[in-house]
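Report on one structure; see the data block that follows.
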Amino acid sequence: MFDLDVLLPDFWSILDAVPVTLAMALTIFIFSTLVGGLFAFIEHRRFPVLRQFVIGYKVVFKGVPMVVAIFLAYYGLPPALHFVASLFGIEVNGHSLPNWVIIIVALSACVAAFQAEVVKGALNSFDSGQSDAAHSLGYTQGQLFRRVLFPQIIVSAIPDLANAFMVIMKALSLAFAIEVVDIFAQAQLTAALNFYYLEAFIIAALFYMVIAYVVTKIADILEARLRVRT
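As structure tokens, then:
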């Protein structure tokens, strides 16, 4: 039976996980966007060898389920870290690596493959005639990127980047598989104490909806302001 009396205690309990979840999501978003942007640039400029590596990377990480990538990182990252450190004569216990670091690495690697496509699409939408015009005016490559290219591609990419952030938020629910507590995991732990599972998951769903609404509004405001400037 649904019990209204447990909603408020559940709310405060699950609220504790919100800052941690947002911090992890933002970190993954930044890392994956930077790596994905670099991959998109490499593919757009058709750098030999590197371009083939990027294509292979995207095929792998688009096809591997995120939960599989998490467990691969969980079991593979500590010994890999120990091996790399030993090459430089450094003694490192890879198994002391915090699980939240493993989650950030695993999900960043997965999401970077999709972020590369987002940035690549934005780059392909850029009119190359503007580059020629900028060069005719004496713009350097750096000035072209800062003043012409970046402002336009970021506007094109904002909606997809906002969607990517929410994908990361939902993907973090898989983190409980290696004992990292996010909003979803905290809802499970809270419900396990009082056996009111429906109430706990309703609160969790409300948190996700509020975060999605805020992210969407921020993205809309940024897009509108940047469009005015461009």
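Take the sequence shown: its position 114, counting from 1, is numbered 100 in the working numbering, and each next residue is one higher.
Just so you know, even glycine gets a beta-carbon here, dropped at the ideal spot from N, CA and C.
Residues of its chain near residue i, where Cβ-Cβ distance is below 8 Å and the 5 sequence neighbours each way are ignored
{"i": "I90", "result": "M10, T13, I14, F17"}
{"i": "M52", "result": "A92, L93, C96, A157, L160"}
{"i": "D(-11)", "result": "Y182, E185"}
Residue of the options minimising C-alpha distance to residue i
{"i": "K48", "options": "N110, G23, L93", "result": "L93"}
{"i": "R37", "options": "K106, L158, A198, M52", "result": "K106"}
{"i": "Y61", "options": "R31, G80, F(-3), I207", "result": "G80"}
{"i": "K203", "options": "R32, M152, V35, L(-10)", "result": "M152"}
{"i": "S142", "options": "P5, A191, R213", "result": "R213"}
{"i": "F219", "options": "L135, T7, V(-8), T19", "result": "With the chain running from -13 to 216 in the structure shown, residue 219 is simply not present."}
{"i": "L100", "options": "D168, D(-11), V50", "result": "With the sequence shown as reference, residue 100 is identified as Phe, and Leu is not the correct amino acid for it. If we check each option's Cα against that of F100, V50 comes out closest."}
{"i": "P5", "options": "V167, G75, K44, V(-8)", "result": "V167"}
{"i": "P(-5)", "options": "F33, L175, P137", "result": "L175"}
Nearest-angstrom beta carbon gap, residue j and residue i [assumed within contact, 8 Å]
{"i": "N56", "j": "I164", "result": "In the sequence under discussion, the amino acid at residue 56 is Ile, which differs from the Asn named in the question. 6 Å between Cβ atoms; contact."}
{"i": "A198", "j": "F187", "result": "In fact, because the Cβ distance is near 16 Å, the residues do not count as touching under 8 Å."}
{"i": "E77", "j": "I144", "result": "That pair is no contact at about 45 Å."}
Close-in-space but distant-in-sequence residues of the same chain around residue i (CB under 6 Å, 5 per side omitted)
{"i": "A59", "result": "I88, V91, A92"}
{"i": "L83", "result": "P64"}
Contact test: residue i Cβ vs the ligand SAM heavy atom, cutoff 6 Å
{"i": "T13", "result": "Looking at this structure, you won't find the ligand SAM or any other ligand, since it has none at all."}
Close beta carbons around residue i, own chain, < 7 Å, minus the five adjacent residues each side
{"i": "V201", "result": "A148, F151, M152"}
{"i": "I154", "result": "A11, I14, F15, L93, V97"}
{"i": "L109", "result": "A26, H30, I139"}
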